[in-house]
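Structure first, then comments.
Residue numbers (the numbering used here): 1 to 93.
Following this line, the structure appears as C-alpha cells:
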C-alpha cells in the first residue's frame, strides 16, 4: 500500500502550522495571512474584534499579488488600518 499511496499522492503532506501574531489597532486584531500563488503572494488576512464576548471576524483577499510574503503582509496591514479608519470602526455593525 505504501507504494501506491506514494505513486498516487494519497499520502498527506505535513503542513507547517505557523501561529500568526496579530497586530492590535484601535481595538481590532489584524492577522496578516498572505497566500502563496504562482511564486508570488496574494494580499490576504482577517480583522477580528471581541464584541460582548462574541468574536466577530472579517476576512478579505485582494486581487493584488506581490513578490514577497513580507511585502504582501505589510500591504495587508496598511489596507486593514485604512479600512478600519474609513468605516470609523463600524465594520461589524
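Ideal Cβ positions, reconstructed from N, Cα and C, are used throughout, including at glycine.
- In the three-state reduction of the DSSP assignment, residue 92 falls in the coil class, being assigned neither a helical nor a strand state.
- Around the beta carbon of residue 34, 16 or more other beta carbons lie within 10 angstroms, which makes this residue buried.
- The secondary-structure analysis by DSSP pairs residue 54 across a beta bridge with 51.
- The beta carbons of residue 49 and residue 28 sit about 5 Å from each other, so the pair counts as a contact at 8 Å.
- For a cut-off of 8 Å, the C-beta gap from residue 60 to residue 44 is around 7 Å, short enough to register as a contact.
- The bridge partners DSSP lists for residue 24 are 29.
- When the five nearest sequence neighbours on each side are left out, the beta carbons in the same chain lying within less than 6 Å of the beta carbon of residue 31 are those of 20, 22, 45, 46, in order along the chain.
- Residue 42 is bridged by DSSP to 35, 65.
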